[in-house]
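The structure under discussion appears below in the form of structure tokens.
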Amino acid sequence: AQKITQTQPGMFVQEKEAVTLDCTYDTSDPSYGLFWYKQPSSGEMIFLIYQGSYDQQNATEGRYSLNFQKARKSANLVISASQLGDSAMYFCAMREKEWTGFQKLVFGTGTRLLVSP
Amino acid sequence: DVKVTQSSRYLVKRTGEKVFLECVQDMDHENMFWYRQDPGLGLRLIYFSYDVKMKEKGDIPEGYSVSREKKERFSLILESASTNQTSMYLCASSLRGASFYEQYFGPGTRLTVT
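Laid out in structure tokens, this is it:
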């Protein structure tokens, strides 16, 4: 079963508009973390934002905010005032604990965002 | 400035060749990771290491091995490359026990096996 689901393979948005990228997750661990990464065409993965499962407030970082709805197991990324440079692949990921206690990240399949002028 | 580097951005190898992908980080991180990225599949963990000479299998370790002889360097080895190993390979590192476990990624190596 998918642990991280990103149902939007591609999204289009006009410059200066807001866009929401969906992410749902599945875990039975009460302690977990959710991440969003951006991958431009150059290939490097850029960390955007993090939300801990016990955090009371939704995380925000500049134009990025994470709409965390714990009961629905969703962690959508909201980008406000889109810019042309926001065109990229976006990945949602969840921190998962192994039986060894070691923690690793599980990634979704990604959403390609295209921002048009 | 945080830095993870990978030995090559693009690599073309023949079927059956032994392939080494090198990753170096300068952040004194304990944990290092190798992922492969394929369209529609996202990033999948191949192997990870939480200390020198320590390694653990990820979700898709078949056909790969790793080596970590020094803290800053983590190598991915394809013993006998096959065409189904054509992919983008990403290396990452993180601190052990960091509160939110951010991983820092290298620029990736696009490997083509012909």
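Residue numbers (the numbering used here), protein chains in the order written: chain C, -12 to 104; chain E, 374 to 487.
Note that CB positions come from ideal geometry on N, CA and C, so glycine has one too.
Could you have a look at residue i and say whether DSSP puts it in helix, strand or coil?
{"i": "C:Gln38", "result": "strand"}
{"i": "E:Gln535", "result": "This structure leaves residue 535 of chain E out entirely; chain E is present only between 374 and 487."}
{"i": "E:Gly389", "result": "coil"}
Could you check whether the Cβ of residue i sits closer than 9 Å to any Cβ belonging to chain C?
{"i": "E:Pro434", "result": "no"}
{"i": "E:Phe447", "result": "no"}
{"i": "E:Gly431", "result": "yes"}
{"i": "E:Arg483", "result": "yes"}
{"i": "E:Ala465", "result": "yes"}
Do residue j and residue i have their beta-carbon atoms positioned less than 9 Å apart in this structure?
{"i": "E:Trp407", "j": "E:Val439", "result": "yes"}
{"i": "C:Gly95", "j": "E:Gly415", "result": "yes"}
Given that residue i touches chain E, what residues does it touch there, using C-beta distances under 7 Å?
{"i": "C:Leu101", "result": "Within 7 Å Cβ-Cβ: nothing; C:Leu101 doesn't reach chain E, min ~16 Å."}
{"i": "C:Lys91", "result": "Leu418 and Phe421"}
Within its chain, find whatever has a CB closer than 6 Å to the CB of residue i; leave out the 5 residues flanking it on each side and keep chain order.
{"i": "E:Val385", "result": "Thr485"}
{"i": "E:Arg491", "result": "The displayed coordinates of chain E run from 374 to 487. Any statement about residue 491 of chain E would go beyond what the structure contains."}
{"i": "E:Leu468", "result": "His402"}
Distance cutoff 9 Å, beta carbons only. Does residue i sit that close to anything in chain E?
{"i": "C:Gly(-3)", "result": "no"}
{"i": "C:Gly97", "result": "yes"}
{"i": "C:Phe78", "result": "yes"}
{"i": "C:Ile(-9)", "result": "yes"}
Using a C-beta to C-beta distance shorter than 7 Å, which residues of chain C count as neighbours of residue i?
{"i": "E:Phe478", "result": "Glu31 and Met32"}
{"i": "E:Leu414", "result": "Thr96"}
Just to make sure I have the definition right: I need the residues of chain C whose C-beta is within less than 9 Å of the C-beta of residue i. Which are they?
{"i": "E:Met461", "result": "Gly30"}
Interface residues of chain C around residue i at Cβ under 8 Å?
{"i": "E:Glu475", "result": "Phe22, Phe34 and Tyr37"}
Tell me which same chain residues have a C-beta within less than 8 Å of the C-beta of residue i, skipping the five on either side of it?
{"i": "C:Glu83", "result": "Lys(-10), Thr14, Asp16, Tyr19, Gln90, Lys91, Leu92 and Val93"}
{"i": "E:Asp401", "result": "Lys444 and Glu445"}
{"i": "E:Lys426", "result": "Arg441 and Glu442"}
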